Every structure is written in C-alpha cells, then in structure tokens.
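Chemist: I'd like to ask you about the structure that follows.
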Amino acid sequence: MKWLLDYLLKIKPNFDEGQKLNWLYPLYEATETILFSTDAKTKSAPHIRDSIDIKRVMILVVVALIPCYVFGAINVGYQNALSFGLERTWIENLIFGANAIIPIIVVTFVAGAFWEILFAIVRKHEISEGFLVTCALIPLTMPPSIPLWQLFIATSFGIVIGKEIFGGVGMNIFNPALTARCFIFFSYPSKISGDMVWLVGPDGYSGATALSVPASTNNADAVYLLNGITQFDYSWINLASGWIPGSIGETNKFIIFSAAAALMLMKLISWRVILGGISGLFAMSYIGTLIAPFSDNSMLSIPPHYHLVMGSFAFGLTFMATEPVTGSHTDTGRLVYGFFVGVLTVIIRSINPAYPEGVMLAILLMNAFASLIDYFVVKVNISKRMARYA
Amino acid sequence: MGENPISIHVLGICSALAITTKIDTAVVMTIAVVAVLSISNVVISLLRNNIPNKVRIIIQMSVIASLVIIADQVLKAYMYDMSKLLGVFLGLIITNCIVLGRAEAYAMQNSPSKALLDGMGNGLGYGTILIAVAFFRELFGFGSIYGAQVITNQIYLGGYENNGLMILSPGAFFILGLIVWAHRAYTETSDKD
Amino acid sequence: MRSDTYTIVFTTIVTVVLGLGLSVTADSLRERQSINEELDIKKNILSVLGFSLSSDWENDKIQSLYEQNINEFIVDKTGSILSSIESSNSDNYTIYQSRENDKVTGYAIPIAGKGLWGTMYGYFAIEPDAETVKGITFYRHKETPGLGAEVDKEWFQNNFIGKKLIDTNGSLVSVEVVKGYVSSTDPKSMHKVDGISGATITGKGLTNFLKNDLQKYEPYLSKVRKLNQIESL
Numbered sequence: 001m002k003w004l005l006d007y008l009l010k011i012k013p014n015f016d017e018g019q020k021l022n023w024l025y026p027l028y029e030a031t032e033t034i035l036f037s038t039d040a041k042t043k044s045a046p047h048i049r050d051s052i053d054i055k056r057v058m059i060l061v062v063v064a065l066i067p068c069y070v071f072g073a074i075n076v077g078y079q080n081a082l083s084f085g086l087e088r089t090w091i092e093n094l095i096f097g098a099n100a101i102i103p104i105i106v107v108t109f110v111a112g113a114f115w116e117i118l119f120a121i122v123r124k125h126e127i128s129e130g131f132l133v134t135c136a137l138i139p140l141t142m143p144p145s146i147p148l149w150q151l152f153i154a155t156s157f158g159i160v161i162g163k164e165i166f167g168g169v170g171m172n173i174f175n176p177a178l179t180a181r182c183f184i185f186f187s188y189p190s191k192i193s194g195d196m197v198w199l200v201g202p203d204g205y206s207g208a209t210a211l212s213v214p215a216s217t218n219n220a221d222a223v224y225l226l227n228g229i230t231q232f233d234y235s236w237i238n239l240a241s242g243w244i245p246g247s248i249g250e251t252n253k254f255i256i257f258s259a260a261a262a263l264m265l266m267k268l269i270s271w272r273v274i275l276g277g278i279s280g281l282f283a284m285s286y287i288g289t290l291i292a293p294f295s296d297n298s299m300l301s302i303p304p305h306y307h308l309v310m311g312s313f314a315f316g317l318t319f320m321a322t323e324p325v326t327g328s329h330t331d332t333g334r335l336v337y338g339f340f341v342g343v344l345t346v347i348i349r350s351i352n353p354a355y356p357e358g359v360m361l362a363i364l365l366m367n368a369f370a371s372l373i374d375y376f377v378v379k380v381n382i383s384k385r386m387a388r389y390a
Numbered sequence: 391m392g393e394n395p396i397s398i399h400v401l402g403i404c405s406a407l408a409i410t411t412k413i414d415t416a417v418v419m420t421i422a423v424v425a426v427l428s429i430s431n432v433v434i435s436l437l438r439n440n441i442p443n444k445v446r447i448i449i450q451m452s453v454i455a456s457l458v459i460i461a462d463q464v465l466k467a468y469m470y471d472m473s474k475l476l477g478v479f480l481g482l483i484i485t486n487c488i489v490l491g492r493a494e495a496y497a498m499q500n501s502p503s504k505a506l507l508d509g510m511g512n513g514l515g516y517g518t519i520l521i522a523v524a525f526f527r528e529l530f531g532f533g534s535i536y537g538a539q540v541i542t543n544q545i546y547l548g549g550y551e552n553n554g555l556m557i558l559s560p561g562a563f564f565i566l567g568l569i570v571w572a573h574r575a576y577t578e579t580s581d582k583d
Numbered sequence: 584m585r586s587d588t589y590t591i592v593f594t595t596i597v598t599v600v601l602g603l604g605l606s607v608t609a610d611s612l613r614e615r616q617s618i619n620e621e622l623d624i625k626k627n628i629l630s631v632l633g634f635s636l637s638s639d640w641e642n643d644k645i646q647s648l649y650e651q652n653i654n655e656f657i658v659d660k661t662g663s664i665l666s667s668i669e670s671s672n673s674d675n676y677t678i679y680q681s682r683e684n685d686k687v688t689g690y691a692i693p694i695a696g697k698g699l700w701g702t703m704y705g706y707f708a709i710e711p712d713a714e715t716v717k718g719i720t721f722y723r724h725k726e727t728p729g730l731g732a733e734v735d736k737e738w739f740q741n742n743f744i745g746k747k748l749i750d751t752n753g754s755l756v757s758v759e760v761v762k763g764y765v766s767s768t769d770p771k772s773m774h775k776v777d778g779i780s781g782a783t784i785t786g787k788g789l790t791n792f793l794k795n796d797l798q799k800y801e802p803y804l805s806k807v808r809k810l811n812q813i814e815s816l
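Chains A, B and C are the protein sequences, given in the same order. The numbers in our numbering rise by one with no breaks, and the one at position 211 of the first sequence is 211. To convert a position in the second sequence, counted from 1, into our numbering, add 390. To convert a position in the third sequence, counted from 1, into our numbering, add 583.
Listed below in structure tokens is the structure:
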C-alpha cells in the first residue's frame, strides 16, 4: 500500500490553493482520508473522546445496517417466490433479492455522491461522509418495486432540500433519508403509500399490509383480523421475524433490535431515545385499547406488543429517530423526544384515515420540535439551579 | 428584479401557494393583481393630499377592498370557470401586503403617473414569480404547459408519473424556495463582481 | 393637522362613493353571474348524460341544447312527480331527464357525500331502463392527487358505465367500489367497479353516498321500471 500513499502525497500539491486542480480538492481529500487515516483534527462535534472520529461513527452505523440488507434481500426473494407460488432455497432468494436491491443501492449512492461532491466543490469544503449513512438508509426505507428514476429524484431531494439547503452535515433540521422517503410518499403515492403491499411480484398482484388490515374494517378486533388473513402470515411471531411484505430493510425486528442494542452498547445511539420511543408507543397504544370498545375504529384495538412489530416503527426508531443532529441534544430532551415519536406513531396509525403507517411523519414532526424540547429542558434546568443556589 | 416583492421581500406568498398549480390561473391572478395594484396606487395618489393622516390606512384599505370586490364580480360575470378555480384567493388580494404596502410606501408620496408605473412594475414582478412557480408545478404536476400536454402518453407508458407533491401546497413552497435561493445566489454573486 | 369634522366628512364621502360604485357594479353584473352559475350546472348535467361537450362551446349553445333535451322535474319520497311550486321541501329531489326526439334517453341525479378529505359533489346518470348506469362525473372534491383524485379520470368513470343498480329480485343494490380489482368470476360483478389502488376510503365513501342518494330516488325509479315492463308487454 506504500506506493499508493506515496502517489497520493506526490499528486497532493496539484490540489493546493492557487493550483489548477484546486477545485477538485474535496475529491482528493475524500479519497485520501477514506484510504488512509488522517492527520487532521476534528473541527466539529463529535470531538475526539477516544480513538473514534466522525468517520468511524458513520462507518459503524453503516456496518450495523448490513444485516438488514442481507435479510431484506432474502425476504424480497421470498415474497417474490410466494407471490408466484414457487419453492426456492434461501440462497436462491438471496440472489433474486440482491438482483432487485443492488440497482436501488447503486442509484441512491450515485445520486447522493453527485450532489455531495457538487456542493463540496461549489462551497469549497471537504466531502462529508454523512451522505454515506443517508444513502445507506434510503434503500432500506423503500419498497423493492420502487422505480429507479423516482428514487434518484427523491435522493436528490433528500440531500439538497433535506441537508444542503441548511448548510450541510450538522446543520439540517430534518433527517435527510426520511425527507427523501417523504418526497416519494407525497409525490408518487401510487408507488409507495396507500394501503397496498409492494413487492417484486406478478403484475396486478395486490394484498393488504398488516397495518391496513385493521384500518379497512370497522368494529372488529385487530388481532383477530390479522390472524384471519391467509394471503400472508400476520401472526405476531412472523411480523417480528419479518417474513412479510414491506420496505426492504424494516421487516425483521429481531435484527433491528440487535443492531440497536449493539449501537447502544457502543454509545453510538442514545438509549434514551429508544426507551422513550418504546414507552411512548406502549403508553399510547394501551390508551388506544382502553378506548377501543367505545369506537368503531379497529386500529385502536391493536395491543402494544403488536404495535411494536408492525410497520416500520422499530427501524425508524433505531436508525432515524436516534440521528444525533436532528433529534434533541439534552438527555432529558431525548427521553421526551423519543416518547412523543412513539405517541405520535400510534396516533397517526390509528386516527389518520389516509396513512396507515405513521413512523415517518411522527419522526419528521418531532425533528421540527426537537430544539424546542431542548429549550424547555435547559430552561427548567436553569430555574432548578437558581432555586438551589438562591 | 432587484426589488422583486416575492423573491426579495417574500411578500404575498399566501396566494402564490394557492393559485399556482396551473399557469392559466396564475396569469389571471397576475392580471387581477396588476389591475388592482395600479388603480389603487393611482386613486390613493390622487387623494394623497386630502386623506387625513389619522384614517389613512382605513381609507387605503377601503379603496383596495372595493377594487378587489369589483375584480371578483367582473371575473364571476365574464370568466366564471376561472373565478371558480381562483375561488377565495382572488378576494384575498385584499390581504396581500404588496398592495397596501405600495399604497402606503409609494402612492402616498408620489404623483399619480409615477404611482401608476410603480403599481404596474410591482404587480408584474409579483406575477413573474407566480407564473414561474406555476410553470414548474403544472409541468411536473400535470405534465402540461399552459394547458397543452407536453408529456406524451408514450412517456407515461414508459413508467413516468406526474408528481403529486407539486399539486399540493408544499410543492409551491419548495419551488418558491428554490427560486428565491437561485435568485439570491445570483444577485449576491453579481453584487460581488 | 386637520380638524375632526374634516376627517369625518372626508371618510363619509369616500365611503359613500365606494359603496355606490360597488352596488352599481354588483347590480349590473348580477344577471350575467346567475346565468353563469346555471350554465355551469347545465354543463355538468349535459356531460353526465352523454352529450359531448367541448369547453369552447358557446353559452347559448349549451343553453339551447339543455332546453331542447333536458326535462327537469321534482319527485317526492313516494316517487310521484310534483309541480315545481312545492319544491322547497327537503324530502323532494330533483331529477334531470334527457330526451331526444321525444324519447327518454336517461336520467341524471345529483350526488354528494364524504370522501376522504371533504365532500365530493357530482352527478350520476342512469339509462332509461332505470337500472343501468349511464355515467358519473364529479365537479368538486378535495381528494389526494394521484390517489383519490383519480375519481376525476375517465378510466375510473368509464368503469361505471353499464353496471346494474338492481339485482334479479328487483331490489336496489347500487354500485360498489371494491378494493383492488373486480374478479370476472364474481357473480355480483355487475354491481361492482374496480377501486383506485391506495384510495380505499375515497372508494368506500363513494359507495356509501351513492347508495344513500340512489335510495332517495328509488321510489321514482322503481315506478319507471314498472311502467317500462307494462309497455314492453
């Protein structure tokens, strides 16, 4: 590897201030620091506390996503086999799924890299690896049947409107990956939202997602309805282990919660957000089950442990709500922030007639309120101290 | 363009959101705003030496409100379909800060001929942005330009879809934001040169 | 500083002048406006009854086409036709009957009801046999673009044409918007149309208010069917 470093160092002067290739410096810098460890010191948070820097943080999050990708690919293949009534081994499913997923990943990264590099060059700053995490998350939130051109536009929207317009990594208010998904959700609703299942299957194949089953029948018990579905297996254990149609990376809750545990142990994501989120979800859905007998809305009768494994709540909470930039920054604030993500998810799922899934909208809404929560936490803290020392 | 009411002062965006899903509504709205703004500027300017200072805002408001109501009535009588599309937003020209703003800031101090030009200039500046926003929203939201389908059936069969976000109000926010961004970036760099 | 008297006098004059101006405009335009409103309704009725209309049609052409072909009357809840004077009662409903060369070619009724985001308004047309659907249109709604707003589209509206409102026993079943596609083997497929994917609530709302509105007209429509039977014998 010595020759590569030598070569990089040799060509470095070409990119210095005043040289012809100076405008390409961000590209050079990115190549050098990805290949070799850097001697530059971190200028913005998170500051070095141990041997970890922002690049390693990002890479670890991406590593945590890999199991989601692998399971996602197998499941895409499995759902396809199911819809055609075929028998396939898991290896064949994996290969089929990989064929469906890899173009999605490639398009996302091409779009993301294009905008990131463009803005780095125009604004003359270094390329931030933040976009790698964003781009690694986007495909997982998409149904496998998403048209690639829509994905390209959505990724561009997420990166430009979700991030660059605010000044780049660390300045954004809304999670860029969710902004991208939100864009498709409202722009091309016939490809992602509504109440259909999205899988790579035969033309005209349709069915109901787990969440839209109770949403479309009044005056019934949700669990009873779910277990009555024959097209897919919507039992609790199967919802949790993810052999259901859905977005690529969100179906297997065991994998997601293991990743969450690992990331929490490494202190890369805040356990407070996760704890807050799950308690919010449980609290609100428990209240829902209390109201359910008096309402004809079957969504209210979904018990808390079903809410936990239905839809993309687990994925959204683990990988989106915990994003350090767009969430709350105080410890108490994180608990409150997570709690309301959980509460809002249940409210949007149960009461909103149009969108059976609520995690995305709940997190984006709480992103907007995150700094307000911090503001009050700090205020309360100040007045407490004042009282103590007065 | 340096003083454009929308892109520099970010005024009057309420109606900019509501009536810019198609170019034809934006054009009619532009004409209505130009007419109301010019006439109200001229009337206020003619009265400027006689309006008692205490009640000047009320007098300006009544002149503007009357003109808007007349515009609304005329539209209902002669362009019924269009007035159905514009709905309440034509009446909301009354609350458009541009109209009152020009009356108070310019027509009260200047001669009728100058006030007329000022009114037309501001109205057209406002209209340019409306039409620009409407152009993008109609193109991406409906696949047409000024009612003429430009995105052909073949393209739709090839998997293209109209963008539903463009028809919803946030679509206008995004387009407007991007236009303001581009405009400011351009004027800032040209200022430096 | 001017005196208060001046202020009051000036304000009064401005108010009177503007008030006069407004009432004169409003008054002189009123007739045209009400004609426009009527024409708009007539255009909708004509189009649901299958008269081909293009937007550049002259107003008086619509007017004359309407006068020649459409016969408006009011029925009460027992299905008997009333003279128009008693029309103010809420239990009375308007029917638009289209005729060509003295032959009835269809009936149109106004329909309205809740979709997902708000009330949808439209017209529903029935063939002269009073049991086959002739067409459906919507002129105002607030449904989601790309999902519920597809009710505006031809493909959706054309699905209704030819469907039956009545089952073999002669009782009203209306037309149901299903979720997904109507399977051709379904024995009730004559009473069902394909739904809009992703817009279940809009479809459900439409199913509900369509049945509701048809119920109101059923007394009259069943009379028409009986009369038809007698004539054919």
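Using N, Cα and C, we set each Cβ at its ideal position, and we do this for glycine too. All values reported here derive from a predicted model rather than from experimental measurement.
Any beta carbon from chain C within less than 9 Å of S295 of chain A's own beta carbon?
Modeler: no
Chemist: Below 7 Å CB to CB, which residues in the same chain sit around R492 of chain B once its five sequence neighbours on both sides are set aside?
Modeler: L427, N431, D508, G509, N512, listed in sequence order.
Chemist: Inspect the beta-carbon positions of S187 of chain A and M556 of chain B and report whether they are closer than 9 Å.
Modeler: yes
Chemist: Assuming contact is defined by CB atoms lying nearer than 9 Å, are I173 of chain A and A154 of chain A in contact in what I supplied?
Modeler: no
Chemist: Please classify S503 of chain B: is it buried, with 16 or more other beta-carbons within 10 angstroms of its beta-carbon, or exposed?
Modeler: Exposed, because fewer than 16 other Cβ atoms sit within 10 Å of the Cβ of S503 of chain B.
Chemist: With 7 Å as the limit, tell me which residues of the segment 342-358 of chain A have their beta carbon closer than that to any beta carbon of chain B; keep them in chain order.
Modeler: Residues: none.
Chemist: Return yes when the Cβ of C404 of chain B is within less than 9 Å of the Cβ of T518 of chain B, no when it is not.
Modeler: no
Chemist: Is I541 of chain B helix, strand or coil when you go by DSSP?
Modeler: Under the three-state reduction of DSSP output, I541 of chain B falls in the coil class, being neither helix nor strand.
Chemist: Starting from the Cα of L94 of chain A, find the closest Cα among A:V76, A:I105, A:V336, A:L60 and give me that residue.
Modeler: Nearest of A:V76, A:I105, A:V336, A:L60 to L94 of chain A, Cα basis: A:V76.
Chemist: Using a Cβ cut-off of 8 Å, which residues of the segment 451-482 of chain B contact any Cβ in chain C, in chain order?
Modeler: S452, V453, S456, I459, I460, Q463, V464, K466, A467, Y468, Y470, D471, K474
Chemist: Buried or exposed for K625 of chain C, going by 16 or more other Cβ atoms inside 10 Å?
Modeler: buried
Chemist: Under 9 Å between C-beta atoms, does W115 of chain A make it to chain B?
Modeler: So no, W115 of chain A is outside the interface.
Chemist: Name, in chain order, the residues that DSSP records as bridge partners for P693 of chain C.
Modeler: C:Y706
Chemist: Can you pull the chain B residues whose beta carbon is under 7 Å from the beta carbon of Q528 of chain C, in chain order?
Modeler: Nothing in the structure corresponds to residue 528 of chain C, since chain C is present only between 584 and 816.
Chemist: Interface residues of chain B around A609 of chain C at Cβ under 7 Å?
Modeler: Neighbourhood of A609 of chain C in chain B, by CB distance below 7 Å: Q463, in chain order.
Chemist: When the distance is taken between beta carbons, is L632 of chain C closer than 9 Å to G689 of chain C?
Modeler: yes
Chemist: What residues from chain B crowd round P147 of chain A, counting only those whose CB sits closer than 7 Å?
Modeler: Residues of chain B whose Cβ lies closer than 7 Å to the Cβ of P147 of chain A are, in chain order, G549.
Chemist: Keeping to the same chain, check which residues put their C-beta closer than 6 Å to that of K806 of chain C; ignore five residues upstream and five downstream.
Modeler: G662
Chemist: Would you kindly check if the distance between the Cβ of N367 of chain A and the Cβ of G342 of chain A is under 9 Å?
Modeler: no
Chemist: Name, please, each residue of chain C whose Cβ falls closer than 9 Å to the Cβ of G554 of chain B.
Modeler: T727, P728, G729, L730, A732
Chemist: Mind checking if N439 of chain B is an interface residue toward chain C, Cβ cutoff 9 Å exclusive?
Modeler: no
Chemist: Anything in chain B within Cβ reach of N619 of chain C, meaning under 8 Å, just list it in chain order.
Modeler: K466, A467, Y470
Chemist: Can you give me, in chain order, the residues of the segment 165-187 of chain A that have a beta carbon less than 8 Å from any beta carbon in chain B?
Modeler: Among the residues of the segment 165-187 of chain A, those with a Cβ less than 8 Å away from any Cβ of chain B are I165, F183, F186, S187, in the order of the chain.
Chemist: Once the 5 residues before and after I664 of chain C are set aside, which same chain residues still bring their CB inside 6 Å of it?
Modeler: F656, V658
Chemist: Show which residues of chain B have a CB atom less than 9 Å away from the CB atom of N161 of chain A.
Modeler: The amino acid at residue 161 of chain A is misidentified as Asn; the sequence shows Ile. Within chain B, the residues near I161 of chain A are F564, G567, L568.
Chemist: Ignore the nearest five residues each way along the sequence and tell me which others in G194 of chain A's own chain have a CB closer than 8 Å to its CB.
Modeler: Confidence is the limiting factor: at G194 of chain A the pLDDT is only 49, short of 50, which leaves the residue's position unreliable and the question unanswerable from this model.
Chemist: Using the rule of at least 16 other Cβ atoms within 10 Å of the residue's Cβ for burial, across every protein chain shown, is Q79 of chain A buried or exposed?
Modeler: The residue in question, Q79 of chain A, is buried, as its Cβ has 16 or more Cβ neighbours within 10 Å.
Chemist: Check the C-beta distance from L797 of chain C over to A713 of chain C and give it rounded, since I have them as a contact under 8 Å.
Modeler: Not confirmed; about 11 Å, so no contact.
Chemist: Hey, out of B:V417, B:I409, B:G402, B:A467, whose CA is closest to I488 of chain B's CA?
Modeler: With distances taken between Cα atoms, I488 of chain B lies closest to B:G402.
Chemist: According to the neighbour-count rule (16 or more other Cβ atoms, all chains shown, within 10 Å of its Cβ), is M360 of chain A buried or exposed?
Modeler: Residue environment analysis places M360 of chain A among the buried positions, since at least 16 neighbouring C-beta atoms fall within 10 angstroms of its C-beta.
Chemist: How long is the line joining the alpha carbons of R527 of chain B and V417 of chain B, rounded to whole angstroms?
Modeler: 14 Å
Chemist: Looking at the C-beta of K794 of chain C, does it have a partner C-beta in chain A at a distance below 9 Å?
Modeler: no
Chemist: Excluding the 5 residues preceding and the 5 following E129 of chain A in the sequence, name in chain order all residues of the same chain whose CB lies nearer than 6 Å to its CB.
Modeler: K55, M58
Chemist: If you drop the 5 nearest sequence neighbours on each side, which residues of the same chain put their C-beta closer than 7 Å to that of G316 of chain A?
Modeler: Cβ neighbours of G316 of chain A beyond the five flanking positions: V359, M360, I363.
Chemist: Which ranges would you report for the beta strand (DSSP E) in the segment 526-572 of chain B if only whole runs of at least 3 residues count?
Modeler: Counting only runs of 3+ residues, no beta strand (DSSP E) is found wholly inside the segment 526-572 of chain B.
Chemist: With DSSP as the reference, identify every bridge partner of S279 of chain A, one or two as the case may be.
Modeler: DSSP, once it has assigned bridges, lists no residue as partnering S279 of chain A.
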